[in-house]
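Chains as they are written, first to last, in this note's numbering: chain A, 1176 to 1236; chain B, 1176 to 1236; chain C, 1176 to 1236; chain D, 1176 to 1236; chain E, 1176 to 1236; chain F, 1176 to 1236. Glycine is no exception: its CB is placed at the ideal position from the N, C-alpha and C atoms. From a predicted model like this one, the values you see are computed outputs, not experimental measurements. Quick notes on the structure that follows.
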């Protein structure tokens, strides 16, 4: 039942997301032995105005 | 103070969301006795390119 | 594929949680027509030192 | 390593978000002594059809 | 209706958490003008075996 | 800046978690080209009384 949430800065292509969920699912199978069909992944695209590090928005860097 | 987050695949109508929050709030009141005004619900719409099961994006199924 | 996360203040019994997930799942089925087996629910127990409203911890109220 | 997620109703300007992340980061530094560069903040904009209190969508209030 | 979730490494005292929620709530009021009573904050304590940066658990650093 | 949250049923060993964060971080690097030091992972252990599928708690299966 692993449920994975991944927040990414906007701009990823569908091809990158497709590869991401394949590889992350594989990583979970290999490390903890969860069956593939039990792995759910939610990707969240963050606008650059919606992420900050050190108190500064990503859009201002 | 129950705080509920619900991730749904895109495509739900406002009428469906209206019914969803009514019924989920009612379910919480009836099961744990929380007062209605203490229940907050956040709905998150997931694009089909942003959800995967078994390592495959929902858009590829 | 609805994925539900519910944050609750500590102190709920297992019987209450059992009822909660039954009723919330039913509410989702009835409102948006999702099949029962697609509904995942995560409950998170919050210590009273870990929830605040209006800037005051629940333990101080 | 504090990781902060803030859900807000839609409609905040970039200037407000810029101020929000500055001030929340400062609040964390002052209260728990975390270094600024360790603080990550994710803002999530909620549509008014995606937030409910007391079983009623924000768009219906 | 701002809903804030803060993940922190374990070890914070109640006094630090009390100050944290006071100051973060104040930061939100000052930056976006939300009323104090609308601000909910959830703190999540992370065990050092449950947080990783650069692929390494915090307990191994 | 990928921020990953992984909810797992309780019972994973530290060795499994160590492998999990190594492999998931590697999967993200390989798929989207994010630098290792930008990847944060939060693991959340779920009690079997705190996860449900199809309306039934994991502890009752």
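For residue i, three-class secondary structure by DSSP
{"i": "residue 1215 (chain F)", "result": "strand"}
{"i": "residue 1236 (chain B)", "result": "coil"}
{"i": "residue 1188 (chain A)", "result": "coil"}
{"i": "residue 1222 (chain D)", "result": "coil"}
{"i": "residue 1202 (chain A)", "result": "helix"}
Cutoff 8 Å; reference residue i; Cβ partners in own chain excluding five residues on either side
{"i": "residue 1177 (chain D)", "result": "1203, 1207, 1209, 1213, 1214, 1215"}
{"i": "residue 1230 (chain A)", "result": "none"}
Beta-carbon contacts of residue i that lie in its chain and below 7 Å, excluding the five residues immediately before and after
{"i": "residue 1192 (chain B)", "result": "1218"}
{"i": "residue 1222 (chain A)", "result": "1185"}
{"i": "residue 1211 (chain F)", "result": "1200, 1204"}
{"i": "residue 1182 (chain E)", "result": "1219, 1221"}
{"i": "residue 1196 (chain D)", "result": "1216"}
{"i": "residue 1194 (chain D)", "result": "none"}
Per-residue contacts from residue i into chain A (C-beta, under 9 Å)
{"i": "residue 1208 (chain B)", "result": "Neighbours of residue 1208 (chain B) on chain A: none; closest Cβ ~27 Å, over 9 Å."}
{"i": "residue 1212 (chain F)", "result": "Under the 9 Å cutoff, chain A gives no residues; its nearest Cβ is about 12 Å from residue 1212 (chain F)."}
Cβ-based neighbour list, residue i, same chain, cut-off 6 Å, excluding 5 preceding and 5 following
{"i": "residue 1179 (chain D)", "result": "1216"}
{"i": "residue 1262 (chain A)", "result": "Within the shown structure, residues of chain A are numbered from 1176 to 1236, placing residue 1262 (chain A) beyond reach of any answer."}
{"i": "residue 1189 (chain A)", "result": "none"}
{"i": "residue 1187 (chain F)", "result": "none"}
Classification of residue i by the beta-carbon crowding that lies within 10 angstroms, buried from 16 upward
{"i": "residue 1198 (chain E)", "result": "buried"}
{"i": "residue 1227 (chain F)", "result": "buried"}
Neighbouring residues, chain E, relative to residue i (Cβ below 9 Å)
{"i": "residue 1221 (chain C)", "result": "1217, 1218, 1219"}
Partners in chain B for residue i, counting only beta-carbon separations shorter than 8 Å
{"i": "residue 1202 (chain C)", "result": "1195, 1198, 1199, 1201, 1202"}
Within chain F, the residues that residue i reaches when beta carbons sit closer than 9 Å
{"i": "residue 1176 (chain A)", "result": "1182, 1183, 1184, 1221, 1226, 1228, 1233"}
Beta-carbon neighbours of residue i, restricted to chain C and to distances below 7 Å
{"i": "residue 1236 (chain E)", "result": "Within chain C, no residue comes near residue 1236 (chain E); the closest Cβ sits about 24 Å away, beyond 7 Å."}
beta-carbon residue i near the ligand COA non-hydrogen atom, thresh 6 Å
{"i": "residue 1196 (chain B)", "result": "No copy of the ligand COA occurs in the structure displayed, which carries no ligand at all."}
Proximity test, Cβ basis, 7 Å: residue i and chain H
{"i": "residue 1228 (chain B)", "result": "Note that chain H does not occur in the displayed structure, where the protein chains are A, B, C, D, E and F."}
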